[in-house]
Every structure is written in C-alpha cells, then in structure tokens.
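S.K.:
Residue numbers (the numbering used here): 13 to 669.
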C-alpha cells in the first residue's frame, strides 16, 4: 500500500492537471518506496542538512513521483500543492526545479543531465571526505542515488559522465536504471539495443543485473548490495512495467506522457486495491511514510559527531562550515583588490588566457573551495595553476579534475559540484566547443548555481586552426542565455576583475571568454579601475563632448585604442568604452549608463570579432557595428583580422558613417 500511495497521488495529479507523465511514477513506485523508506538518509524538516543522502530524479518528466515522495515523507509540500501540479505559480512544476520545491536537489528534464549532476555530487562527497574526515570522525559520509531511464542512457552525456565516474571509482554513487523498454516513440528495441549492464561493467561500475522492479524484497537486497560496494559506483538494473497497474495502457508508450482518463484511473484503483477518492491518503499510510522523526534522529546523531569533531579539530570545522555555507574566506576582498592593482602596475602584454592563469595563481591559495578542470585542454586553457592537484581514484584530496574530452559532462558535473555545496567549480574548453556544453550551461543559469566557465581561443585571431575552431556566433549565443554573465576582458586587469566578479557571484554562472593571442595592457586611472566591475566604463576619454564613441570588448579594445589617433587627426573627439560584460553593464543604474554612453549626437561604433547582433542595443540605429556575419579563415591571426575587416581603416570609415 505504501507504493500504491505514490501511484494514486501521481495519477490523480496528472489527471487533475490534464497534463503530465503518469507512466514512470506508476512503474517506479515500488523502487522509490523501498529506497526512501529503507535506505535514504534525509530529514524532511531540514532539506539542506549537509550530510543527507542526495536523491536525483534524472528522468525529470516523472516529477509526480518525486513530489509524491516529498509530500508523503513529510517535506513542506502539501496536498494542495499536489493538486496544483503544473499550474501557474505552483510549487509542483512540470519538471522538478531546484530552489523552487523543498527537497529537489537539481532541476531535471533534459535527459541525462541529472545523472551527470549526480556524478558531480558524488565527486563532491568524495573530495570533502578526503579533506575533512579524520580517523574516528566521519562527518562527510553520504550516498548519492540517481534514478534514470532509457532516455537518460541514450543521451551521449550518460557515456561521458558514467565513464568518468567509473574511472574515479565513486563508491558512494548508486544508479537505478528503470529498464522498462518504452520511450515516447514506442518499444526501444527498434533503436536502443545496447547491452547496458556490460556497458557499465566496461566503465568499471559494479552492476547488479535483472532485478524485478516490482518485488520489494529483490529491490531491498539489490540496494543493500550496492551500499556494501565502496570501491566502485553501482548500477542496479531494474526491469519494470511502465504504467504498472493501468490495465489497457501499461507496458506501452500510450501511458508515457498523457493523462490516463477517468475510466482508466478507476481501473488502476481497482487493480492496485486503492479505494480512496482522489488525493485522499489514509492516516495509517501517512504515518508509515512519515520520515520526520527518523530524519530528526539521523541529523541529531550526526550533529553530535560534528560537535565532537569540531572540538577535536576546531579550525577544520570552521573551514568546513564556511565552505558549506558558501561564504568567501576572510581576507578575500583584500587578496582580489591587491591582485587587481598589481596587474594594473605591471602593464604586461599577454594573452588573457595567460592572465587568467596568473589570476588563479594569485587567488587560488586564498580559495580552497576552488575545484578546477578542463576538457583535455589544460595546457591550452591554462587552467592548471601552481597549487592545482589532480584528483584521482587513489587520491581524492585534489582540486583539479581531468575531465577528458567531455565538455557536456564537465559542465553538468560542475553543476552537481556547485549544488552539493562546499565548492566553486571552474572548467575550461575552447569557446567554439561551448556548443557541446550549451544545455548544461543553460541549466546552470536556470538554477542560478555558481560556476565559472573558462572559454579560451575566443576569436578568429586563433588563426591557423581555421573556421572549425574560430568562434563567431558563440559570444552572442551565450549572451542570449538569461542569468549568464559573459565577460570578455581586454587585458590582465580586466581578467582579474572578471575572475573576482565570477567568484563573488552567487546567483548564477559566469563565462570568461579569453584570448589565445597576446593583448596590450591598457592604462587606467582609479575611476576606470573601479569602473570595470560595472561591466562597461570609459577607458579613454577626450576633451569636451565626444563626436565618436568606440565600444569594444576583449582583443578589439586594442583596435579601438589604435584608431583614436587616426580619428582625432580627422578632428573627431573620440571616447573609448570598454564593455567586458554587457549583462553587468545593463544592470547598472541609468545614471551610470548615461555617463558612459551619453545620449546625444555622438556616433557610436561597436567592435567585436563575432556576431554583431548584441551590439545594436548600444549603438542605436544611427551607429555602426564592426562584427562578423560569416565564418573565419585558416591563416595567421593577423592576416585573418585584416582580411575580415578588423582594421583601423575600417573603424575610421565606420566612424565617418
């Protein structure tokens, strides 16, 4: 009856909404009941308990399964919330949303990403345990459970993430595969015939095959075996019937993504022996599900261990608390400010990817929560700083993950690291390959998690590798993602400022677009130095009101500065505005924006070696944009720039109108 409560609530909510996915909750109810009642260590009264087990529903379309579990076990999710499933403003949206519903660990729906998030959470647990646990004091000791379906495993990200999980031997990661053989288009045997158990065994996982997903004893035994395995992640392969209990639809795609209808719902009630009206659960079933007392006891027992550990290791305990609460270390502001001033004093001509490494070398020692990585491009992205230590299966006390050529999984794993708590993750690849990772970038922005996306080789200036590797539309494309801050710094100073902004930002991810080629340092007064943090500022001004305002980012700031003399020789008073982050500049008060880009007759010319579309917002219809509406060329970078019109002459011509 406990599992049938999940089935009843799920089909009732979908029926009331006239929308949703009843098949998976009906089929997964037995697995979920055993996991949540017999194994999952959590406290419904405190969904943010640090040492809770994490539960990820990777097949997020089965959201009513999760909402029913949260409601029944005692989270702050009422029966009225379930009745409002998929309705405007409800706490039970169509797919689980992190930060919106208590107990939801991550936003899922795009298949496979929840699985990769879970890998990130398991990495977080393993690294924190290595750093903070001491003999006799196991204060970081929890599991990550992830429920996944055929669709999750068809997505390529599942290979990327699970291959790495096996290599890192994430023994606290337990995956449960809902092997029901059905997807939206029907029986998957027509397009998905992988030997999934053998595939995961090849990754180095512990695999438990052929579990009856409707037999509670078999499920319990499999989960117990999985918890006993500490050296490898475990995949439990459960055979289930999608839409279990629906007499005319179970086992077919017809039950996947549409309400059952009143007649079929009535038949399900009869088949599973559920005689109560919609949304009614007997008190004895509520009492059997209620996990609040057990959860309170679990957390109190852990709090006692935490107190003993804190008494024995007070400094370690203070650091753990700081990191898990997401606070930056004492003295951080001074470290960041000093590095900014030192970078301005050096006046070096370097690539901003190298400036990024210099920044990491300065701020890294002050930020033990930084955990970096690169998609097999550490030497090109320059993400491996002096204090970086590679993470491995044998040594979890590292702060750098060699992700391999796995851009999508890297980004989704970073999301899991950030969601878990205790880390600020960063990961690098070439800007052109941000396309591979884009949906995970979007999910980071949607959830508002803190992560730093290091994208180097940011323009056609990378030269000889040609148009396959030269990003053109990528900066503009990333800027279209709501809540993503995109910084394209012009020199070492702006790079330092961009890193500071990324680290201090807690409401979403930040992308750093960095050059391969050297760029000259720009001189600034104190006001300009302070202005960088506002996303756009006056880098170089003229006497009186400007006739021309040149707006640029990244390497094109140097081009704007080079054009000033030619323009002033033609009698044009010229202001240069560096705008490293359009999103931050847009968020400034109108007075600041008007001070930087004053309303009036001055002709505005924006310069960026990429898609021109974002810049018309700032140039206006009377202005001009020197951008790129075509793919690049294979040639030395300076030749490509000249051939494609990024020259002083082109800037002067655009300023003349």
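A virtual CB, placed ideally from N, CA and C, is assigned to each residue, including glycine.
CA-CA distance, residue 128 and residue 110?
M.R.: 15 Å
S.K.: Do residue 510 and residue 592 have their beta-carbon atoms positioned less than 8 Å apart in this structure?
M.R.: At a Cβ-Cβ threshold of 8 Å, residue 592 and residue 510 count as neighbours.
S.K.: I'd like the span of the beta strand (DSSP E) that includes residue 497, first residue to last.
M.R.: Residues 497-499.
S.K.: Along the chain, where does the beta strand (DSSP E) containing residue 523 start, and where does it finish?
M.R.: 522-525
S.K.: Identify every run of the beta strand (DSSP E) within the segment 182-238, keeping only runs that are complete inside it and at least 3 residues long; order them along the chain.
M.R.: 185-191, 218-224
S.K.: Rounded to the nearest angstrom, what separates residue 314 and residue 44 at their Cα positions?
M.R.: Rounded to whole angstroms, the gap between the alpha carbons of residue 314 and residue 44 is 24 Å.
S.K.: For residue 71 and residue 202, which I take to be in contact (beta-carbon distance under 8 Å), what is that distance rounded to the nearest angstrom?
M.R.: The Cβ separation is near 20 Å, so there is no contact.
S.K.: Going by CA-CA distance only, name the one from 619, 431, 124 that's closest to residue 451.
M.R.: Among 619, 431, 124, the Cα nearest to that of residue 451 is on 124.
S.K.: Could I get the ranges of all uninterrupted beta strand (DSSP E) runs contained in the segment 622-648, with 3 residues as the minimum, in chain order?
M.R.: 636-638
S.K.: For residue 268, I'd like the list of residues in its chain whose CB is within less than 7 Å of its CB, leaving aside the five on either flank, ordered along the chain.
M.R.: 33, 35, 194, 196, 254
S.K.: Three or more C-beta pairs under 8 Å: does that hold for the segment 465-474 against the segment 650-660?
M.R.: Two segments are said to touch when three or more pairs of C-beta atoms, one from each, lie closer than 8 Å; by this definition the segment 465-474 touches the segment 650-660.
S.K.: Helix or strand or just coil, what does DSSP make of residue 484?
M.R.: coil
S.K.: Classify residue 134 as buried or exposed, calling it buried when 16 or more other Cβ atoms lie within 10 Å of its own Cβ.
M.R.: Result: buried.
S.K.: For the beta strand (DSSP E) containing residue 414, name the first residue and the last one.
M.R.: 412-414
S.K.: On the criterion of 16 or more Cβ atoms from any shown chain inside 10 Å, does residue 358 qualify as buried, or is it exposed?
M.R.: exposed
S.K.: Work out the CA separation of residue 419 and residue 385 for me, nearest whole Å.
M.R.: In this structure, the straight-line span from the alpha carbon of residue 385 to that of residue 419 is close to 11 Å.
S.K.: Going residue by residue through the segment 113-196, where are the continuous beta strand (DSSP E) segments of at least 3 residues, counting only ones entirely within it?
M.R.: 156-161, 185-191
S.K.: Can you name, in chain order, every residue of its own chain whose Cβ lies under 7 Å from the Cβ of residue 204, other than the five neighbours on each side?
M.R.: 162, 166
S.K.: What would DSSP say about residue 437, mapped onto helix, strand or coil?
M.R.: strand
S.K.: If you count every other CB in all the chains shown that lies within 10 Å of the CB of residue 370, and 16 or more means buried, which is it?
M.R.: buried
S.K.: For residue 618, which residues does DSSP report across the bridge?
M.R.: 563, 637
S.K.: Is the CB-CB distance between residue 348 and residue 383 below 8 Å?
M.R.: For residue 348 and residue 383, no; Cβs fall outside 8 Å.
S.K.: CB-CB under 7 Å to residue 648, same chain, minus the five flanking residues each way: which ones, in chain order?
M.R.: 475, 476
S.K.: Any idea which residues DSSP pairs residue 264 with across the strands?
M.R.: Beta bridge pairing from DSSP links residue 264 with no other residue.
S.K.: Exposed or buried, what is residue 546 when buried is set at 16 or more other beta-carbons lying within 10 Å of its beta-carbon?
M.R.: buried
S.K.: Would you mind giving the Cβ-Cβ distance between residue 190 and residue 250, rounded to the nearest angstrom? I have them listed as a contact below 8 Å.
M.R.: 6 Å
S.K.: Say whether the segment 426-434 touches the segment 393-411, bearing in mind that this needs 3 or more beta-carbon pairs closer than 8 Å, one atom from each stretch.
M.R.: no
S.K.: Counting only the same chain and skipping the five closest in sequence on each side, list residues whose C-beta sits under 7 Å from that of residue 270.
M.R.: none
S.K.: Note the first and the last residue of the continuous alpha helix (DSSP H) segment covering residue 291.
M.R.: Here residue 291 belongs to no alpha helix (DSSP H), and DSSP marks it neither H nor E.
S.K.: Where does residue 635 land, buried or exposed, given buried means 16+ other C-beta within 10 angstroms?
M.R.: buried
S.K.: Using CA atoms only, rank isn't needed, just tell me which of 155, 535, 120 is closest to residue 137.
M.R.: 155
S.K.: Hey, out of 41, 31, 30, whose CA is closest to residue 18's CA?
M.R.: 41
S.K.: Buried or exposed: where does residue 629 fall if 16 or more other Cβ atoms within 10 Å of its Cβ makes it buried?
M.R.: exposed
S.K.: Bridge partners for residue 252 per DSSP, in chain order?
M.R.: According to DSSP, residue 252 bridges with nothing at all.
S.K.: Hey, residue 395 and residue 460: beta-carbon distance below 8 Å or not?
M.R.: Cβ atoms of residue 395 and residue 460: not closer than 8 Å.
S.K.: Should residue 560 and residue 614 be called a contact, given that it needs their Cβ atoms to be closer than 8 Å?
M.R.: Cβ distance < 8 Å, so residue 560 and residue 614 count as in contact.
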